[in-house]
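Peer 1: Read in UniProt numbering, the sequence shown has 106 at position 106, and its numbers run on one by one without any break.
Think of the CB as a built atom: it goes at the ideal place given N, C-alpha and C, for glycine as much as any other residue.
Fair warning: this is a prediction, and the values are worked out from it, not measured in the lab.
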Amino acid sequence: MYLANVAQGGETVFTKAAANRQRKGDSLAFCASTGFSVKPKKGDAVLFFSLHPNGTLDGSSMHGSCPVIAGEKWTATKWIHLTPFSFLSSSRRSKECEDENESCARWAAKGECEKNPEYMVGTEESQGYCRKSCKVCS
């Protein structure tokens, strides 16, 4: 949800979504022309799903933010997870090398270990969910 209007820039841009659905007449920053973009407007919210109904990753949900050129950008984010989410819970730390999602092997074969490393492999703060399929443990 956007908590403030931005004078110029700051658009949320979905780089892999079809830009041909863009509203006409929107004055957007140059970076916003790289995909479908949403201009920040106080009170507006952006809701999108990162998975298709069958549970596979929806690449068109890949998004980023254009730089704010004038003004400030304030947002509030609410993540809704498909499965319970916790950073390095004791139950995850103690597990052997295994995948925690039945789709891991299929996702890894499609290159998701490289495209989505935070989820698949993990970070210093959080162990990934598909470490076995991504071959980062044995």
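Inspect the beta-carbon positions of V13 and C66 and report whether they are closer than 9 Å.
Peer 2: Yes, they are a contact pair.
Peer 1: Between F49 and S61, what straight-line distance do the alpha-carbon atoms span, to the nearest angstrom?
Peer 2: Cα to Cα, the separation comes out at about 7 Å.
Peer 1: Measure the Cβ-Cβ separation of P40 and K73 and say whether it is below 9 Å.
Peer 2: Result yes, Cβ atoms of P40 and K73 sit closer than 9 Å.
Peer 1: Mark Y119 as exposed unless 16 or more other C-beta atoms lie within 10 angstroms of its C-beta, in which case mark it buried.
Peer 2: Answer is buried; the Cβ neighbour count reaches 16.
Peer 1: Per DSSP, what kind of secondary structure is Y129 in: helix, strand or coil?
Peer 2: Y129 falls in the coil class under three-state DSSP.
Peer 1: Assuming A32 and Q8 are in contact, meaning their beta carbons sit under 8 Å apart, how far apart are those beta carbons, in whole angstroms?
Peer 2: Not quite, the Cβ-Cβ distance comes to about 11 Å (not below 8 Å), so this is no contact.
Peer 1: Take T15 and list the residues in its own chain whose beta-carbon comes closer than 6 Å to its own, dropping the five residues that flank it on each side.
Peer 2: Same-chain partners within the cutoff: T34, G35, M62.
Peer 1: Please report the distance separating the alpha-carbon of E112 from that of H52.
Peer 2: Whole-angstrom Cα-Cα distance: 15 Å.
Peer 1: Report the CB separation of N116 from L57 in whole angstroms; it is logged as a contact under 8 Å.
Peer 2: With a Cβ gap of about 7 Å, N116 and L57 count as contacting.
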